[in-house]
Amino acid sequence: MAKTPVELTEKGFEEYVEEHLLKSGYVKGNPNNYNKEFALDTKILFDFLEDTQPKKMERLKEIYKDQYQFKVLNRLNRELNNRGMIDVLRHGIKDYGVYLDLAYFQPASKLNEKTVKLYEKNRISVTRQVRYSTKNENSIDMLICINGLPVIVLELKNPFTGQTYEDAIIQFKKDRSPNELLFQFKKRAIVFFAVDTVEVYMATRLSWEKTFFLPFNKGCDGGKGNPDNSDGLKTAYLWEEILQKDSLMDILKKFVFIETQEKKDIDGNIYTSETIIFPRYHQLDAVRKMEADAKEKRVGTNYLVQHSAGSGKTYSISWLAHRLANLHDDEDNPVFDSVIVITDRRVLDRQLQDSIYQLEHKHGVVEKIDKDSNQLADAIKGGTRIIISTLQKFPFIIEKVGELENHKYAVIIDEAHSSSAGENMASLREVLSVSSLEEAAKLDEELEGKEYDPDEEILKVIKKRGKQPNISFFAFTATPKAKTLEMFGTIGEDGLPHPFHLYSMRQAIEEGFILDVLQNYVTYETYFKLAKKIEDDPAFDKAKATKALTRYVSLHPHNIAQKTEIMVEHFRNVTRHKIGGRAKAMVVTSSRLHAVRYKHAFDEYIKKKGYRDMKTLVAFSGTVKDDEVDYTESGMNKFKESELPDRFATDEYQVLLVAEKYQTGFDQPLLHTMYVDKKLSGVKAVQTLSRLNRTCGGKDDTFILDFVNKAEDIQEAFKPYYQATIVEEVTEPNLLYDIETMLNASSVYLKEELDRFIHIYFKPKDKKTSGDRAILNHLIDIAVERFKKLDEQHKEDFSSQATKFIRLYSFILQITPFEDVELHKLYVYLTYLLKKLPKEKGSTIHLADEIALEYYAAKKTFEGSISLTSDDENVPVTPVKFAGTGVKEEQEDYLSSIIQRLNNRFGTDFTKADQLSVEQIKEDFAADEDLVQKAKTNTIDDFRFAFEKVFINKVIDRMDQNQSFFTRVLDDEQFKNALMEYMLVETYEKLNSRA
Numbered sequence: 001m002a003k004t005p006v007e008l009t010e011k012g013f014e015e016y017v018e019e020h021l022l023k024s025g026y027v028k029g030n031p032n033n034y035n036k037e038f039a040l041d042t043k044i045l046f047d048f049l050e051d052t053q054p055k056k057m058e059r060l061k062e063i064y065k066d067q068y069q070f071k072v073l074n075r076l077n078r079e080l081n082n083r084g085m086i087d088v089l090r091h092g093i094k095d096y097g098v099y100l101d102l103a104y105f106q107p108a109s110k111l112n113e114k115t116v117k118l119y120e121k122n123r124i125s126v127t128r129q130v131r132y133s134t135k136n137e138n139s140i141d142m143l144i145c146i147n148g149l150p151v152i153v154l155e156l157k158n159p160f161t162g163q164t165y166e167d168a169i170i171q172f173k174k175d176r177s178p179n180e181l182l183f184q185f186k187k188r189a190i191v192f193f194a195v196d197t198v199e200v201y202m203a204t205r206l207s208w209e210k211t212f213f214l215p216f217n218k219g220c221d222g223g224k225g226n227p228d229n230s231d232g233l234k235t236a237y238l239w240e241e242i243l244q245k246d247s248l249m250d251i252l253k254k255f256v257f258i259e260t261q262e263k264k265d266i267d268g269n270i271y272t273s274e275t276i277i278f279p280r281y282h283q284l285d286a287v288r289k290m291e292a293d294a295k296e297k298r299v300g301t302n303y304l305v306q307h308s309a310g311s312g313k314t315y316s317i318s319w320l321a322h323r324l325a326n327l328h329d330d331e332d333n334p335v336f337d338s339v340i341v342i343t344d345r346r347v348l349d350r351q352l353q354d355s356i357y358q359l360e361h362k363h364g365v366v367e368k369i370d371k372d373s374n375q376l377a378d379a380i381k382g383g384t385r386i387i388i389s390t391l392q393k394f395p396f397i398i399e400k401v402g403e404l405e406n407h408k409y410a411v412i413i414d415e416a417h418s419s420s421a422g423e424n425m426a427s428l429r430e431v432l433s434v435s436s437l438e439e440a441a442k443l444d445e446e447l448e449g450k451e452y453d454p455d456e457e458i459l460k461v462i463k464k465r466g467k468q469p470n471i472s473f474f475a476f477t478a479t480p481k482a483k484t485l486e487m488f489g490t491i492g493e494d495g496l497p498h499p500f501h502l503y504s505m506r507q508a509i510e511e512g513f514i515l516d517v518l519q520n521y522v523t524y525e526t527y528f529k530l531a532k533k534i535e536d537d538p539a540f541d542k543a544k545a546t547k548a549l550t551r552y553v554s555l556h557p558h559n560i561a562q563k564t565e566i567m568v569e570h571f572r573n574v575t576r577h578k579i580g581g582r583a584k585a586m587v588v589t590s591s592r593l594h595a596v597r598y599k600h601a602f603d604e605y606i607k608k609k610g611y612r613d614m615k616t617l618v619a620f621s622g623t624v625k626d627d628e629v630d631y632t633e634s635g636m637n638k639f640k641e642s643e644l645p646d647r648f649a650t651d652e653y654q655v656l657l658v659a660e661k662y663q664t665g666f667d668q669p670l671l672h673t674m675y676v677d678k679k680l681s682g683v684k685a686v687q688t689l690s691r692l693n694r695t696c697g698g699k700d701d702t703f704i705l706d707f708v709n710k711a712e713d714i715q716e717a718f719k720p721y722y723q724a725t726i727v728e729e730v731t732e733p734n735l736l737y738d739i740e741t742m743l744n745a746s747s748v749y750l751k752e753e754l755d756r757f758i759h760i761y762f763k764p765k766d767k768k769t770s771g772d773r774a775i776l777n778h779l780i781d782i783a784v785e786r787f788k789k790l791d792e793q794h795k796e797d798f799s800s801q802a803t804k805f806i807r808l809y810s811f812i813l814q815i816t817p818f819e820d821v822e823l824h825k826l827y828v829y830l831t832y833l834l835k836k837l838p839k840e841k842g843s844t845i846h847l848a849d850e851i852a853l854e855y856y857a858a859k860k861t862f863e864g865s866i867s868l869t870s871d872d873e874n875v876p877v878t879p880v881k882f883a884g885t886g887v888k889e890e891q892e893d894y895l896s897s898i899i900q901r902l903n904n905r906f907g908t909d910f911t912k913a914d915q916l917s918v919e920q921i922k923e924d925f926a927a928d929e930d931l932v933q934k935a936k937t938n939t940i941d942d943f944r945f946a947f948e949k950v951f952i953n954k955v956i957d958r959m960d961q962n963q964s965f966f967t968r969v970l971d972d973e974q975f976k977n978a979l980m981e982y983m984l985v986e987t988y989e990k991l992n993s994r995a
C-alpha cells in the first residue's frame, strides 16, 4: 500500500492517487499523447480501436488511405460535438458505413464470453499534468479517459501544504475556461472533481463564477463531511471505490444522463435548460446497496430509505427502478418481472421515461397508468418492465399482483405528499357552517384526524393481505412514522427497526441543499418579550414599526385582527426585504373558517394602511358559510384552484393563507416566513414547517413566528429526523453588546480595517470594481493572519463568539428591524471573516461565496435606508433587485477598472495609453525575480514593504515613456497610494498563482 501523503506536496498527493488507480487496472497516460485540437488521447484511442475492431479499422484504412486517423478523428469530433460524450460512449459512431464502438460496458450476465472479453479490453487511463489548451500552457492535475475519450477532470489539493478543495474550486471557476474544448458542456469531460484529503466536491458544467459545485461526501455522524478512515485518507473512497473500473463504467452506463427542463425566468419567459445529472454519493450508495441486497435475498424483502428533502429522491427512485427492472441473478434469471412505482409526483413519470430512454435507447420501457383499472391490470399481466401509478390505485395494485403468485414484483413507494392534502376527503368538500372560530377549529381538527392519509392507507393494505413472498417493497420517505419503520425497516442488532439507508435532514442542511427552518423559530411569547426589550431599551435605535409589534401583552386565541396587524407589519418591515425583495410568507390557520376570516382581515388592513406592495391568496377545500355568505377558494382568489401555485410564484402575490392545503408537498423556494396559528405536532409539524426549507439564490435564512405551539414540542417533533439540538430561543438582545466588546478586544481585527472593509463593501454596484474585491480579500486576510497567531484556546473562543454574534444578530433582525450601525458593520465583516478562518490545523479556507456576497450587499436590512460612516464619505445601503437565482458578474478588465477608479476619484482623464503604462509596470514586477521570491515567501503585509520600494523605482524607470502619468504618481501622495494599493493586491495574488 502506498504511503499516506500526510506531509507530501500536491504532487505527492497526485502520485498517491495515481498509484492506487494503476494498481487497480488503469493505464498510465502520457500527457504528450493528448491531442489539444481534438481534446482526445489519440494514442490510447487508436490502440483500443485496433485491438477490439481490427476488421473495421482495416475497412477505414482502405477508404481513407494514409489519412484514416485524421478522418476518424474528424468524424469522432463532429459526433462528440453534436451528440455529446455520454451518447457517443454508449452508442458509438458510424463512419462511412462502418460502425465503431467507443466503449464496452459490463454485460448483465457473464454467460456470454465474447461480451465479457470485450469489456475487459476497455482502456481506462489516468494522466497527470495534462496541458489541454492551444492558447496557453495551463495544465490540469489529473485526467481520466475511457479509451482515449476524456470523462473526468480532477484538481487535487493537500491541506498539509495550505490548500483545500476550495482552492480547487476557485481554480475551476477562475482559470478553467468553459470555451476550451475539454471543458465544453456535454462535448468532452462529464464531471469535474475538486478533491483534498478531507472532502470532495463535483460539478458537471463549468461556467466561470457561476459554476455550481455539489458535495460528493459520504457524510459523518449524521452530518456533512467524511468519517475517519483507519486505513488511509478520508477521501480514499473516491479512488478506491467510485473510480474503480467496474464502478466508473457502471456510473457512465446506468446513472449519468442529461436532464432537459422547461423553466421560467423572472419575467415569465420560458426557456429550456440542460443539466448533466451525475449521482451524489448517497444516491449511488443507496441504489447500489439495495440492488446488491435484492440480488442476494431475491424477492420478499422490505426496504426503508429515509432520505431528507434535498436528497434528490426523484433521481434515486428513477435509478433504482431502472436497475431493479434489469436485475438478474447469477444464473441470468430476472429477479423481478416488473417494477411498480407508486407516486404522486407529476414529474417522476416523464423523468423516468426520459432518463431510461437515454440509458437504454428504447421506448416503451415505462408505462404510466392514468386511465382505469383495466389498463393497470393489462400492464401488470403483460409484464411491462416499469409501471407508474398513483397512491390511490395502490390497493388495486396489491390485489392484482397478489393474484399472480408466479410473478415477482418490486414495488417502490414514494411517500411524497400532495400539496392539495384534504381535497380527496368527502367531509372536507362539504359546506362548513358553524357559529364560531372555536367550533370551526375543533371540527376541522376532527375531520383532519379522519382524513385520507396515504401512508396509513398503504400500511393498512399491506397488513390486510399479510406478507406476500412475491413482492419486495422499497419505501422512500423523509419523515417515517413509527408504523412505517415497523413495516419497512431493517431489524438492527438492538432488535429495533432502522432505515436500510439514511440521508438525514441535518446532512442536507449542512451540505446546503435545504435551509434549517428552526434556526429562526420563535414563539409569540418570546417574540413579544424580545420586541418589548428592544422597544424599552434606549441602547437600541428602533425603527418605526417596533411599537406595533409590542402592543399586545397577550393575545386572545382567536383575535384575528390583532394577529393580522402583527403579521402584516412584520412582513412589511422584515420579510419583504429578503431574497432581493421577492420573499413570500405563509399563514397556517386552524380551520377553513379561520382562513376565510384571515383573508378578509389581511385585505382590509392592507387597504386601510394604503399598502400597495402586498397582496394575499387563500387556500382551502370545499365551501365555507360565514354570515350567510358562501365562500370558496376560487371565489375569493378570483381564479381557478389549479392556477394558485403558478399565480403565487409571481411577484403579484406575497402571502398565502392556508387551511390544511399546501401544508405538505408545496415547493415554493421564495417562501421565507411562516406565521403559525394552528396546533402542530409530530410528523405534521415537520412537514408543515419544512415548506420553508427550499433554497434559491439570495435566500440565506427563514423565519417562523408561532402563535400556538411551544418550542420544546416543535423540537421534539424534529428530533427523529434531524439528529441534533436545534431550537434555542433567545430573549436577551443586550447580549449582542457583550459579545461585541469581547470580539473588539480580541486584537484579531482593527476598527480602521473593519471600517474600510464596510466602506468598500457597501459601495453602489455601479461604482464597484474588480480591484475592490481584491482589497476586501486583503483586509480579511490581515485578520486571518493575526487569528492564526493566537493560541488554540483563544482561537476557539473567538470563533465561537463570532458565530454566536452572527446567529443572534440575524435572529433579532427577524423580530424587528433596529438601527445600530456599528453592530451591523460588525455583522457583515464577521460573516466574511469566518469564511476564511482556518477550519482545522493546516487547513485554510480561501473560497469566497461571491453570489451570497452580492446578494448580501444588496439587502435592505433596516426600515428605509441607512448610512455607514467611514473616514471620507457616507455610503448608503441601497437595495438592488436581482433576477433569477444567480448574480451576473461583470467580466471587466482589472486595469481598466483601476484607471476608471482613479479618474473618478481624482478628477483625472487618463486614457488607454496610461493603462498600457500600468501594464508595463506589471510586467516589470513579474520579471523581478527578487520580488517574485518575496511574494511567495511572505504574507501580503510583509510583502508590502518590499513592494513599495520597487514600485517607486519602476515608476522612475518608466518616466520617459509617459511623463504626465508618472509625474502625477510621484507628485500626488494620495494618487500614488491609491494606485499602489490596487497594484499591490493584484501583483501579490498574480505572483502567488504561478505554478
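All residue numbers for the sequence shown refer to full-length UniProt numbering, where the first residue is 1 and numbers rise by one.
Heads up, the beta-carbon is just placed ideally off N, CA and C, and yes, glycines get one too.
Since residue i contacts residue j with CB under 8 Å, what's their CB separation in whole angstroms?
{"i": "residue 437", "j": "residue 600", "result": "Actually they are not in contact, since the Cβ atoms of residue 437 and residue 600 sit about 13 Å apart, beyond 8 Å."}
{"i": "residue 704", "j": "residue 680", "result": "With 8 Å as the limit, residue 704 and residue 680 do not qualify as a contact, their Cβ atoms being about 11 Å apart."}
{"i": "residue 943", "j": "residue 934", "result": "6 Å"}
What residues match up with residue i in a beta bridge as DSSP calls it?
{"i": "residue 705", "result": "522 and 675"}
{"i": "residue 143", "result": "127 and 153"}
{"i": "residue 302", "result": "473"}
Quick one, which of the options has its alpha-carbon nearest residue i's?
{"i": "residue 27", "options": "126, 17, 68 and 12", "result": "126"}
{"i": "residue 352", "options": "311, 254, 458 and 303", "result": "254"}
{"i": "residue 209", "options": "177, 588, 356 and 413", "result": "177"}
{"i": "residue 293", "options": "526, 682, 472 and 781", "result": "472"}
{"i": "residue 102", "options": "831, 830, 291 and 49", "result": "49"}
{"i": "residue 483", "options": "71, 142, 497 and 722", "result": "497"}
{"i": "residue 342", "options": "289, 252 and 396", "result": "396"}
{"i": "residue 319", "options": "297, 366, 330 and 334", "result": "366"}
Specify, as a first and last residue, the run of the beta strand (DSSP E) that residue i falls within.
{"i": "residue 831", "result": "Unbroken run through residue 831 is the alpha helix (DSSP H), 821-836; no beta strand (DSSP E)."}
{"i": "residue 190", "result": "Where residue 190 is concerned, there is no enclosing beta strand (DSSP E), given that its DSSP letter is neither H nor E."}
{"i": "residue 501", "result": "501-503"}
{"i": "residue 259", "result": "257-264"}
Straight-line CA distance for residue i to residue j?
{"i": "residue 975", "j": "residue 961", "result": "19 Å"}
{"i": "residue 306", "j": "residue 312", "result": "12 Å"}
{"i": "residue 559", "j": "residue 657", "result": "16 Å"}
{"i": "residue 693", "j": "residue 510", "result": "12 Å"}
{"i": "residue 764", "j": "residue 802", "result": "27 Å"}
{"i": "residue 211", "j": "residue 835", "result": "19 Å"}
{"i": "residue 256", "j": "residue 299", "result": "27 Å"}
{"i": "residue 700", "j": "residue 371", "result": "43 Å"}
{"i": "residue 847", "j": "residue 949", "result": "At residue 847 the pLDDT is 27, less than 50, meaning the model places this residue with poor confidence and gives no usable figure here."}
{"i": "residue 345", "j": "residue 19", "result": "45 Å"}
{"i": "residue 866", "j": "residue 531", "result": "The pLDDT assigned to residue 866 is 18, lower than 50, so where the model puts this residue is not dependable; a value taken from the coordinates is nonetheless given after this. Taking the straight line from one Cα to the other gives about 21 Å."}
{"i": "residue 666", "j": "residue 777", "result": "40 Å"}
{"i": "residue 250", "j": "residue 106", "result": "7 Å"}
{"i": "residue 979", "j": "residue 744", "result": "31 Å"}
{"i": "residue 188", "j": "residue 620", "result": "51 Å"}
I'd like the span of the alpha helix (DSSP H) that includes residue i, first residue to last.
{"i": "residue 811", "result": "792-815"}
{"i": "residue 62", "result": "54-64"}
{"i": "residue 586", "result": "Counting along the chain, residue 586 falls outside any alpha helix (DSSP H), though it belongs to the beta strand (DSSP E) covering 584-588."}
{"i": "residue 170", "result": "165-175"}
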